[in-house]
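Just so you know, we're using the numbering used here here: the sequence shown kicks off at 20 and counts up by one. To start, the structure itself, in structure tokens.
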Amino acid sequence: EGPFAKAGLDPAFVASEEERVTRGYLRLRELSAAGVPITEYPLPEARARWQDPRGP
Numbered sequence: 020e021g022p023f024a025k026a027g028l029d030p031a032f033v034a035s036e037e038e039r040v041t042r043g044y045l046r047l048r049e050l051s052a053a054g055v056p057i058t059e060y061p062l063p064e065a066r067a068r069w070q071d072p073r074g075p
């Protein structure tokens with residue numbers, strides 16, 4: 020409900036955001052189960068952007 024309700028947003032955008040948030044959540048669970056430090060959290064595409072010498 021409200022201006023940011025899924026029903027009022029572009030369906031493709033909603034689907035891509037749901038997929039991205041789900042991947043982030045699953046990544047956190049994966050790290051927690053493996054005992055890996057939170058600094059290893061970023062998803063591969065985010066880590067690649069940070070390592071790009073041209074900047075984010």
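For glycine and all other residues, C-beta sits at the position ideal for the given N, C-alpha and C.
Tell me the DSSP secondary structure of residue i in three-state form.
i: Y60; result: coil
i: F32; result: helix
i: E20; result: coil
i: R73; result: coil
i: R40; result: The residue asked about is misnamed: residue 40 is Val in this sequence, not Arg. Helix at V40.
i: G27; result: helix
Find out if the Cβ-Cβ distance for the pair residue i, residue j is shorter than 8 angstroms.
i: L62; j: R42; result: yes
i: Y60; j: L47; result: yes
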